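Numbering-wise, the sequence shown is residues 1 to 478 according to my numbering. Everything below concerns the one structure shown next.
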Amino acid sequence: MKLKYKKKTLILIFFSLMLLISINPSLFLINSTNEIKNPPSQPIKTQGALAIVDSLSSPSFPTGLAWDGEYLWVAENVLDKIHKIDPSTGAVIYSFDAPGDEPSGLTWDGLYLWCADWNKDKIYQINSSTGAVIYSFDSPGSQPTGLAWDGQYLWNADNAGGTIFKINSSVGAVVASFDSPSIDPKGLAWDGQYLWVSITPEAKIYRIDPSNGVVVNFAYDPGNYAAGLAWDGHYLWESDHYAHNVNKLNIVDMTNPTIISAPSVLTVEFGYTGQILSWTATDLNPNTYTIELQASGVVSGPTPWLNDTAITYNVPDGFAIGEYNYTVNFTDDYDNFITDTVIMTVEDIAVPIIINSSSDFIVDSSYTGINISWTATDQTPNTYTITLQGTGIVFGPSAWSNGTSITYNIPDSLAVGEYNYTVNFTDDYNNYATDTVIMTVKEDDPAISFGNYYLTFLIIGIILSAIIQKQRNKSSFE
1 MKLKYKKKTL ILIFFSLMLL ISINPSLFLI NSTNEIKNPP SQPIKTQGAL AIVDSLSSPS
61 FPTGLAWDGE YLWVAENVLD KIHKIDPSTG AVIYSFDAPG DEPSGLTWDG LYLWCADWNK
121 DKIYQINSST GAVIYSFDSP GSQPTGLAWD GQYLWNADNA GGTIFKINSS VGAVVASFDS
181 PSIDPKGLAW DGQYLWVSIT PEAKIYRIDP SNGVVVNFAY DPGNYAAGLA WDGHYLWESD
241 HYAHNVNKLN IVDMTNPTII SAPSVLTVEF GYTGQILSWT ATDLNPNTYT IELQASGVVS
301 GPTPWLNDTA ITYNVPDGFA IGEYNYTVNF TDDYDNFITD TVIMTVEDIA VPIIINSSSD
361 FIVDSSYTGI NISWTATDQT PNTYTITLQG TGIVFGPSAW SNGTSITYNI PDSLAVGEYN
421 YTVNFTDDYN NYATDTVIMT VKEDDPAISF GNYYLTFLII GIILSAIIQK QRNKSSFE
């Protein structure tokens, strides 16, 4: 339940707190949902992309903030006042009572002030010259904070729901809404193109696309607690609630680096070597980059990088089959960043290679002890089979090893004919290679019987004897 304070009670509380602070500042603590412990005031400084270039002392604890083209308007939620202040000196020019119990947001529409009230759940249109309420409607959320005007619509951040509403201010109707970048949105401003919203628990100020709520970028708040935001056309202003200041912020750099060259999806063969990933980014203020491998963490960096100069990463050799997601993150001096992810897939698409195979051969039908052998290579060998054409698989599936010979013993006594033996080597990824060896079984050569040998020798002997006898007769005659 939100607290509802009466004016006199609040005034009494305020002056009591001021007395306590003067005695011991460390005792000061506000426990409202809208408050945190009071840290010490900080000097002018730069935090990332935003730099405090001027700091004005604010009346009490500032909340909502608006710019009317010449002056700043500051709401504060202790005495519930709205102050018109000189942006060059911080001097209060004019003040009036806020219409509710706890003003939390302000904006200017060109003619009138608008004020959101945290306790009353109301949004008021106010005549800034008199402080009179012209019109009001219930806020769409239960804890309205920041307000902004885009020239046509009113925008309202709701602290309770973490929602940003686009409102038709004429009727108080919500036109569109989207989630805040994070919980507890406070200040809201419009720069002519984007909305700015301060998230106090994170100490961040986000720039978001009003068409969809997508974060364009963000910067860390250089102040203590940005309860309100306003845009003057060049500078962003914040009401620094606990420092009692209104800070003028210069946007030093809120542009993310740009990646102009990146690797495509990469597919490599298992057993690869020498793979390199390379990116090129541009930025006026480059800082460092990191490269992260999903599930492993950062594998390179943080390392300085140069504008428009390629950075490279040598992928380790020997990764197993699978997908490997590499993400590069380029940052600049002001915490702007950009990332890119490339997926490297290691796969096995190479077929086994048969490096040795028996030649086709012929045997007699009386053969025995004949075998065939093959040798294949592959990084991920699986099984092999041997098939006899017309019969089917005669061996396997059986495991085989890279570069190791496999042998098949052919059964004895196969009939005369032609036998086609085909080996099929497969690997773990269904790649395969085949080879066929043809064995021909022929009839044995006819044997010569002993009788035939005898007759042959007898004939030869008779012929030789006749020749010798003839020679003798010739010699006697002479």
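All C-beta atoms in this analysis are idealised placements derived from N, C-alpha and C, irrespective of residue type, glycine included. Values in this document were obtained by computation on a predicted structure and should not be read as measured data.
Is the beta carbon of residue 343 less than 8 Å from the beta carbon of residue 269? As a working mapping, residue 343 is identified with position 343 in the sequence shown. As a working mapping, residue 269 is identified with position 269 in the sequence shown. No. Outside cutoff.
Give me whichever residues DSSP pairs with residue 379 in a beta bridge. Residue numbering aside, residue 379 sits at position 379 when the sequence shown is read from its first letter. For residue 379, which the question treats as bridged, DSSP gives no partner whatsoever.
Which residues bound the beta strand (DSSP E) around residue 125? Numbered from 1 along the sequence shown, position 125 holds the residue referred to as residue 125. 122-126 is the extent of the beta strand (DSSP E) around residue 125.
Alpha-carbon to alpha-carbon, residue 285 and residue 541: The chain is shown from 1 up to 478; residue 541 falls before or after that span and cannot be answered.
Anyone know if the C-beta pair for residue 354 and residue 374 falls short of 8 Å? By one-based count along the sequence shown, residue 354 stands at place 354. By one-based count along the sequence shown, residue 374 stands at place 374. Cβ distance < 8 Å, so residue 354 and residue 374 count as in contact.
Buried versus exposed, by CB contacts within 10 Å (16 or more), residue 234: Numbered from 1 along the sequence shown, position 234 holds the residue referred to as residue 234. Per the 10 Å Cβ criterion, exposed.
Report all residues from its chain with a CB closer than 7 Å to the CB of residue 423; omit the five preceding and five following residues, and keep chain order. In the sequence shown, the residue the question calls residue 423 occupies position 423. Result list for residue 423: 374, 384, 386, 434 and 435, in chain order.
Report buried or exposed for residue 504, applying the criterion of at least 16 other Cβ atoms within 10 angstroms of its Cβ. Examination of residue 504 is not possible in this model, given that the chain is present from 1 through 478 alone.
The region 361-377 contacting the region 235-254, beta-carbon criterion three pairs below 8 Å: no
Which partner residues of residue 270 appear in the DSSP bridge assignment? What you label residue 270 is simply residue 270 of the sequence shown in a count that begins at 1. The partner list for residue 270 (beta bridge, DSSP) is empty, contrary to what the question assumes.
is_contact[residue 439, chain C] using C-beta, thresh 8 Å: The chain inventory of the structure shown lacks chain C, comprising one protein chain alone.
Out of 139, 170 and 152, point me to the one whose CA is closest to residue 159's CA. The sequence position of residue 159 within the sequence shown is 159, counting from 1. Among 139, 170 and 152, the Cα nearest to that of residue 159 belongs to 139.
From the DSSP output, read off the bridge partner residues of residue 142. Translated into positions along the sequence shown, residue 142 becomes position 142. Looking at the DSSP assignment, residue 142 forms no beta bridge with any residue, so it has no partner.
What are the boundary residues of the beta strand (DSSP E) that includes residue 319? Within the sequence shown, numbered from 1, the residue matching residue 319 stands at position 319. Per DSSP, residue 319 belongs to no beta strand (DSSP E) and is neither H nor E.
Let's see if you can read the secondary structure: which residues bound the beta strand (DSSP E) around residue 354? Residue 354 sits at position 354 when you count from the first residue of the sequence shown. Counting along the chain, the beta strand (DSSP E) containing residue 354 begins and ends at 353-357.
What runs of the beta strand (DSSP E), each 3 residues or longer, lie entirely inside the region 33-117? 50-57, 62-67, 72-76, 81-85, 92-97, 103-108 and 113-117
Starting from the C-beta of residue 201, find all residues in its chain whose C-beta is less than 8 Å away, skip the five residues before and the five after it, and write them out in chain order. In the sequence shown, the residue the question calls residue 201 occupies position 201. Cβ within range, chain order: 182, 183 and 184.
Sort out for me which residues DSSP pairs residue 513 with in a bridge. Any answer about residue 513 is impossible in this case: the structure gives the chain only from 1 up to 478.
What residues in its chain sit with their C-beta under 6 Å from that of residue 41, if we drop five residues either side in the sequence? Here residue 41 refers to the residue found at position 41 when the sequence shown is read from its first residue. Any reading at residue 41 needs caution, since the residue's pLDDT is 34, under 50, leaving its predicted position unreliable; the model's value is listed next. So the list reads 243, once near-sequence residues are dropped.
Straight-line CA distance for residue 396 to residue 347? Numbered from its first residue, the sequence shown carries residue 396 at position 396. Numbered from its first residue, the sequence shown carries residue 347 at position 347. Each residue's Cα considered, the two are about 26 Å apart.
Buried versus exposed, by CB contacts within 10 Å (16 or more), residue 111: Here residue 111 is taken as the residue at index 111 of the sequence shown, counted from 1. Counting Cβ neighbours within 10 Å, residue 111 comes out exposed, since fewer than 16 surround it.
The beta strand (DSSP E) with residue 195 in it runs from where to where? As a first step, residue 195 is located in the sequence shown; it is residue number 195 there, counting from the start. Start and end: 195-199.
In DSSP terms, what residue 218 is bridged to: As a position in the sequence shown, residue 218 is number 218, starting the count at 1. 206.
Where do the N-terminal and C-terminal ends of the beta strand (DSSP E) with residue 180 fall, by residue? Reading the sequence shown from its first residue, position 180 is the one you call residue 180. Premise fails: residue 180 is in no beta strand (DSSP E) and is neither H nor E.
Distance CB(residue 67)-CB(residue 232) smaller than 8 Å: By one-based count along the sequence shown, residue 67 stands at place 67. By one-based count along the sequence shown, residue 232 stands at place 232. Yes, they are a contact pair.
Return the chain-ordered list of same chain residues with a C-beta closer than 8 Å to the C-beta of residue 290, the five sequence neighbours on each side being excluded. Position 290 of the sequence shown, counted from the start, is the residue given in the question as residue 290. 298, 300, 301, 302, 303, 328 and 329, listed in sequence order.
Helix, strand or coil for residue 349? Go by DSSP, reduced to three states. What you label residue 349 is simply residue 349 of the sequence shown in a count that begins at 1. DSSP places residue 349 in coil when its eight states are reduced to three.
For residue 418: DSSP bridge partner residues: Mapped onto the sequence shown, residue 418 falls at position 418. Its beta-bridge partners are 440.
Given this structure, state the Cα-to-Cα distance separating residue 417 from residue 437, to the nearest angstrom. Here residue 417 is taken as the residue at index 417 of the sequence shown, counted from 1. Here residue 437 is taken as the residue at index 437 of the sequence shown, counted from 1. Rounded to the nearest angstrom, the two C-alpha atoms are 14 Å apart.
Taking C-alpha atoms, which residue in 426, 186 and 306 lies nearest to residue 331? Here residue 331 corresponds to residue number 331 of the sequence shown, with the count starting at 1. When only C-alpha atoms are compared, the closest one is 306.
Relative to the C-alpha of residue 399, which residue among 61, 148 and 426 is closest? What you label residue 399 is simply residue 399 of the sequence shown in a count that begins at 1. Closest by alpha carbon: 426.
So, with DSSP's three-state summary, where would you put residue 459? For this step, residue 459 is matched to residue 459 along the sequence shown. It is helical.
Could you give the distance in angstroms between the alpha-carbon of residue 120 and the alpha-carbon of residue 210? The residue given as residue 120 occupies position 120 in the sequence shown. The residue given as residue 210 occupies position 210 in the sequence shown. Going by the C-alpha atoms only, they are around 27 Å apart.
Assuming contact is defined by CB atoms lying nearer than 8 Å, are residue 148 and residue 186 in contact in what I supplied? Residue 148 sits at position 148 when you count from the first residue of the sequence shown. Residue 186 sits at position 186 when you count from the first residue of the sequence shown. No, the Cβ-Cβ distance between residue 148 and residue 186 is not below 8 Å.
So, residue 245 versus residue 58, is the Cβ gap smaller than 8 Å? Within the sequence shown, residue 245 is the residue found at index 245, counting from 1. Within the sequence shown, residue 58 is the residue found at index 58, counting from 1. Cβ distance < 8 Å, so residue 245 and residue 58 count as in contact.
Less than 8 Å between C-beta atoms, sequence neighbours within five positions excluded: which residues of the same chain meet that for residue 71? Indexing the sequence shown from 1 puts residue 71 at position 71. So the qualifying residues of the chain are 84, 85, 86, 87 and 93.
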